[in-house]
Structures are given as structure tokens and as C-alpha cells.
Amino acid sequence: MSKVIGIDLGTTNSVMAVMEGGMPMVIPNAEGDRLTPSVVAIGKNGERLVGKAARRQAITNPENTVFSIKRFMGRKFADSTVQYDRARVPYRLTAAPNSDVWVSMNGREYPPPEISAMILQKLKQDAENYLGEPVTQAVISVPAYFNDSQRQATKEAGRIAGLEVLRILNEPTASALAYDFPPERRETIAVYDLGGGTFDISILDLGAGVFEVLATNGDTHLGGDDFDRRIVDWLCNEFEREHGIDLREDRLALQRVKEAAEQAKIELSTRLQTDINLSFIAQGPRGPKHLHMTLTRAQLKQLVEDLIERTVAPCRQAMLDAELKTTDIDEVILVGGQIRMPAVQEKVKSIFGKLLLTEVNPEEAVSLGAGIQAGVLVGEVKNLLLIDVTPLTLSIETKGGIASPIIRRNTTIPARKSQIFTTSREDQTGVEIVVVQGERVMAVENTVLGRFVLDGIPPAPRGEPKIEVAFKIDADGVIEVTAQDQATSKEQHITVTASSGLSEEEIERMVAEAKEHDKRNWQRRQEIKTLNRADSMAYQAEKTLERYGDRLTPALQSKVRSKVAVLRQALRVGEIEKVEQAMRELDETTRMIARDFSVKREA
Ligand code: AMP
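This is how it looks when you write it as C-alpha cells:
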């Protein structure tokens, strides 16, 4: 059976893992790194770049370099959070005809799942090269607080990349799985996960191989990126005050400031102060301007205090939902790169009053857990049971626009729940079922997941028909809703499918394009291998001439020399057929050297 990989598709970085000899292990990417930047770009020559290569050229090509795509997965363009983020990324976002978000790169629009698929495709290829076998199935983790659209969009991304997504796993749950927990112990733990773009808190009961999530909460728009932006704004404001130039208006300068801001933030996790130096960052009327500033740990804390504070309420709510007090929590696991900031750790201590655990690698734990879950699904890992919950309440809209809950948040999944509703008008023969997700009382303030009409209800006084609305939610958190008129047994249902807005044909097209890209990539790799072989062949021939040239006939010497020159020229031009032809000719000629030698030896 081929391997199933676990993927942590992160806002900032992505990581993949697989079970090897009963243990989860991180798969390094083609560059030999364990973390792959979640960055995609179209380079200057129109080539697609993913990961480190994309990140490296971000400064000079900011408009066509997409990072933090996770923030836009399964979201509507008009969402206030999307608008907030839109103002802070150097690439262009537009509204799709169905009001979803689209991303522009090099004059083409891409739905966010297609961009995520490019990251997944690289991970898939790198995993295949590393494992030496095709990889077609994966477990992908998402923030626990992702709603259904965001989960569906993630599944679609997997499909476009040629991966069957066997399970969508919540990130904090994945980290708990990776936590090497002695099976004989029984504990209640909290997983505090602050990554690049999202914050999650989950409370779990662990014991005898059972991982039971009691409650989860979070904020899908809070993460390390927001911390960086605070520093960027501070730097830009200070610079503007001093020089009267707003660096935010120059995309290139802004990208440099952004990178320096993140670097400074990371340094301040281990140092008390750091210098930020960006020479020639702007051109003033009297020559170039340089940015030289010092940021202290205390200043940084002030800049981001409210962001850290925003993690408190979700923690409290999760504790309330789990019906626990902080003294009931035995341990707190910290996950996500941003937890390395000392002020964040202090805050966690003040919330839970616990010594913190650092045994899990905050950047790799999620992928390792996803790898373990992949092992569970293929039967490689036994005696492990994962019981997860749904993060947000599922309701239908009823009279007056009220959201009437059917499945409340933190209900264990898979789950099926139903309720009886009725009509609100005399002789009403049809009802529209509007499915919403979220905690707001008014339906419109929540996320609309889908709507459908159940008609053919026999005319009757209002309040008389009995319509059973049933919600089914599977282990991935994917939802199916059924409405049935009990008098006639007439039924309608919908599977809430991606509101990433992609139609089946669009997905098929993207799958085909991704495959085509794969093919081109493979060809390109073969070409590079040929060019490398050609280069070493030319080198070998030159070395042979250097060492043994005087023992060859002048005619053969000049023949070898001319064939090497032809090959070198073909290499310079880079035309693969010409290179191959020149290689064949040089090969024939060098065989003559061997023959020449053996004739001489015999003589
Ligand atoms: P993740 O999504 O878990 O990979 O987390 C990435 C976020 O963690 C980014 O915003 C990074 O800037 C941040 N991060 C990584 N290392 C550190 C560190 N040593 N101190 C503070 N933040 C960090």
C-alpha cells in the first residue's frame, strides 16, 4: 500500500510527515529543508516558483508573490477581515463573479484553492522523490476554528494537486497526537496554537490511547503576520515622521520593511533589543534615505499587547464550554512559531497558571500529528482513537431572521441531530432552508453555508405541517442537511459544498492544468539532468585531452576538441535536442580515443 502523508498547510510555512517504522517523521523538501515557505510566485520569466525560491524573489517581485493565502481560503471578498488583509498584502485581490476572493498574479486571476494547490503539488512531488513512490493520499490539517467553507476549500486544493484528502484534521488535535503522551496516564491538556495567521485553543482529555477533544475555540484572523504588521506600521510611521516619506506607498520598500520586521520580531524572542538597518530604502529630494532604528523587546510588547490579549477570551470560552476550571488543566502544549515570543508565553502562564511544555517542536508538531492520523487511517497505527468536535454552531434561519441552532459548537463529531419546524404562513407549500454557521443570534451575521427549498407541502394552517430538519456532520466536519415533510415524506437535502465557489468543471480544469504542470516539471527535470550530464561529459573530454592528448593522433585531438566545442556551444544556447546530438557525437569520438589507446597498447 502506498504511503499516506500528513500535511500541515500553514499560513507561513508548510510541513509534511509520514509514518516510518511506527514513528512519524518529517519529510524534507527538495531543498533539504523541513519547512517549506507557503509562498507562490510567478517569476520574471513566467515560471512558477513555490517555497524558498518564491520567497527569495519576493522583494523584487512583490506584486506576483503570494503569501498567507490561507487567510483567503473559502472567504468572501466583502468580508471585513478580507478587506483588512487586502490592504496589507502587496499582491492584488479582486472579487470573483460569485463574490469570492481571487488573487492576481502576472495578469491572471486565481482562486485561493488553486494557489494552495501549487504549494501542495510541490510538497507531493518532493515527498514522492524522497519516498521513491507515488503519493496520492493525504491528511491535511486546518485550524480548528476553520468554518465549513474554509475546510471545503482546503479539500479542493488537495484535489487540484492530485491528492485525495482522506481526512481534514484540526491543527491543535494534530499537535496533541504528536505529543508523546504515556498511554497509562490520564490527563486534561490545553493546546495553545498561535501560528503565522491563525490562533486556536483546544481542550482535550487524553488517556488509554483515546484523544477526546472537549472544546475548541479561536480566531482565524490572528497570528504572527499581525505582529509583523504592527512593527511595519511603527517603522513606517517613524520613517515618515522623520523624512516625510510613506514607505507603504512603495511596494518594493514595503516588502523589505516587512522582512526586516519579522526578522526583528524573531530576534527579540532571544534578545532584549535589535537594530533594523535598511540602506537606500527611499529616494528623498536630496539623495537616498536609509532606515536605521532600534527596537527593544519592551517596545515590541507594547506594540502587540492587544493582539496577545485577544487570545484570552477564546481560551476562557473553551474552558467554559468544556465545563472546566484552569486548575483542571494538567498541562499546556504550545504550538506555532509565534509562541516563541516571551510575552506570549507569559500570557499563557497568566491564563492557565501552568508550567509550559516545550517538548513538542512548535513548527513540526502539527504535521507529525497529521502523519500519525494518516497512519491510523491506513491501519499502520493501532490503539489510537481520536474524538473531535465541531468548532462552530450550525443553525437554520427561522422566522424573524433568527439563527436556530441544530448542532451546537463543541459537539462531538461525527454527529446527527434533528429538530421539527413548521410553517409560518397559512397554506404555505414551500419552505426555504438557509443553513448558517457561527455563534451570532441573527442568521445574517453568521456564514451562510447553503440554502435549498422544500416544496410540495400540502396546504395547511400555519404551524400545522411538521418538517424535520436533520444535520449530519462527518469526521472531516463536512455537513449534510436534510428537510423532510413528515406528512408526505417528501425530502430535500444538500451536502454543503465548497463556497470557495469553484464549479466541478473549474476544478477539473485546474486538476488538468496541475497535471500538465507536473508533466512539464518532470520534463524540465529530465532536461536539467541531461544538461548536467552534458556538462560533465564535456569536462571529462577536456580533462582526457589535457592528460593524454599528446598520445593521440593530431587528427583525433582536433576532432575531440571540435566536438567538445560544439557541445559547449549547444549548452550555452540550451537547446536540448542540439545538446543531445552533440553528446552523441562526442560520445562516438571519445570511444575512438579508447580504441586508439588499445590499438597502441597492442602495437
Ligand atoms: P507557523 O505558522 O507555526 O509556522 O508560525 C509562523 C509564525 O511564527 C510567523 O509569524 C513567524 O514570524 C513566527 N515565528 C517563528 N519563529 C519565531 C520566534 N523565534 N519568535 C517569534 N515569532 C516567531
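Adding 56 to a residue's 1-based position in the sequence shown gives its number in this note's numbering.
Cβ coordinates follow ideal geometry from the N, Cα and C atoms, glycine included.
None of the values given here were measured: they were computed from a predicted structure.
Starting from His549, trace the beta strand (DSSP E) in both directions and tell me its first and last residue.
Element bounds for His549: 547-551.
Comparing C-alpha positions only, which one of Phe527, Lys438, Asp511 sits nearest to Leu450?
Measuring from the Cα of Leu450, the nearest candidate turns out to be Phe527.
What would DSSP say about Ala230, mapped onto helix, strand or coil?
If DSSP states are grouped into helix, strand and coil, Ala230 belongs with the helices.
With the cut-off set at 8 angstroms, would you say Arg127 and Gly280 are in Cβ contact?
The answer is no: Cβ separation not under 8 angstroms.
Between Ala516 and chain C, is the shortest Cβ-Cβ distance under 8 angstroms, so that the two count as touching?
Checking the listed chains, one finds no chain C in this structure; it contains a single protein chain.
With three or more C-beta pairs closer than 8 angstroms as the rule, is the stretch 75-90 touching the stretch 203-213?
No, the stretch 203-213 is not in contact with the stretch 75-90.
Which runs of the alpha helix (DSSP H) fall wholly inside the stretch 290-331 and span at least 4 residues, in chain order?
Here the runs fully enclosed are 307-323.
Ile301 to Leu356, Cα distance in whole Å?
A direct Cα-to-Cα measurement between Ile301 and Leu356 gives close to 23 angstroms.
For Ala531, which option in Lys314, Val221, Val487, Leu328 has the closest C-alpha, if you only look at C-alpha atoms?
Shortest Cα-Cα distance from Ala531 to any of Lys314, Val221, Val487, Leu328 involves Val221.
Cβ separation of Ile171 and Ile125, assumed to be a contact under 8 angstroms, to the nearest whole Å:
That pair is a contact at about 5 angstroms.
Check each candidate in Ile63, Thr67, Asn69, Ser70 and name the one with the smallest Cα separation from Pro80.
Per the Cα distances, Ile63.
I'd like to confirm something about Met397: is its beta-carbon nearer than 7 angstroms to some heavy atom of the ligand AMP, or not?
Distances between the C-beta of Met397 and the heavy atoms of the ligand AMP include at least one below 7 angstroms.
Distance check for Ala369 and Gly329, CA to CA, integer angstroms please.
For the record, residue 329 in the displayed sequence is Gln; it is not Gly. In a straight line, the C-alpha of Gln329 is about 30 angstroms away from that of Ala369.
So, using beta-carbon positions, are Val360 and Arg481 closer together than 8 angstroms?
Not closer than 8 angstroms, so no.
Tell me where the alpha helix (DSSP H) around Ile364 begins and ends.
That run of the alpha helix (DSSP H) goes 353-365.
Distance cut-off 7 angstroms: Gly392 Cβ against heavy atoms of the ligand AMP:
Gly392 Cβ: within cutoff of the ligand AMP.
When Thr454, Ser460, Ile476, Pro447 are compared against Thr467, the one with the closest alpha-carbon:
With distances taken between Cα atoms, Thr467 lies closest to Pro447.
Nearest-angstrom Cα separation, counted from Glu212 out to Ala554:
Low confidence applies to Ala554: its pLDDT is 46, below 50, so where it sits in the model is not reliable enough to give any reading.
Straight-line CA distance for Ser325 to Leu250?
So the two alpha carbons sit approximately 15 angstroms from each other.
Helix, strand or coil for Asp64, going by three-state DSSP, please let me know.
Correct three-state label for Asp64: strand.
Give the DSSP-derived three-state secondary structure of His277 in the structure shown.
In the three-state reduction of the DSSP assignment, His277 falls in the coil class.
When DSSP labels each residue in this structure, what does Phe283 get in the three-state scheme?
Here Phe283 sits in helix by DSSP.
Find out if the Cβ-Cβ distance for the pair Leu233, Phe255 is shorter than 8 angstroms.
It is not a contact, given that the beta carbons lie outside the stated cut-off.
I need the boundaries of the beta strand (DSSP E) containing Ala151, first residue and last residue.
From DSSP, the beta strand (DSSP E) with Ala151 extends over 148-151.
In three-state terms, what does DSSP make of Asp182?
If DSSP states are grouped into helix, strand and coil, Asp182 belongs with the helices.
Taking the alpha-carbon of Glu189 as reference, which of Asp261, Thr383, Lys59, Glu572 has the nearest alpha-carbon?
The option with the nearest alpha carbon to Glu189 is Lys59.
Return yes when at least one heavy atom of the ligand AMP lies under 7 angstroms from the C-beta of Ile216, else no.
It does not: the Cβ of Ile216 is nowhere closer than 7 angstroms to a heavy atom of the ligand AMP.
One or two residues paired with His348 in a DSSP bridge:
His348 has Asn333 as its beta-bridge partners, per DSSP.
Distance between Ala621 and Val138 (C-alpha atoms, nearest Å):
Their Cα atoms are separated by approximately 57 angstroms.
Within 7 angstroms: the Cβ of Glu56 and any heavy atom of the ligand AMP?
Because residue 56 is not part of the residues shown, which for the chain are 57 to 659, the question remains open.
Below 8 angstroms on the Cβ atoms is my contact criterion, and I expect Leu441 with Ile259 to pass it. Report the Cβ-Cβ distance as a whole number of Å.
About 17 angstroms separates the CB atoms of Leu441 and Ile259; that is not less than 8 angstroms, and the two are not in contact.
Determine the DSSP secondary structure at Pro93, reduced to helix, strand or coil.
In the three-state reduction of the DSSP assignment, Pro93 falls in the strand class, which pools E and B.
Should Lys357 be counted as a contact of the ligand AMP given a C-beta to heavy atom distance under 7 angstroms?
No, the beta carbon of Lys357 sits no closer than 7 angstroms to any heavy atom of the ligand AMP.
Going by Cα to Cα distance, which pick from Thr479, Gln613, Arg223, Ala543 is closest to Gly519?
The option with the nearest alpha carbon to Gly519 is Thr479.
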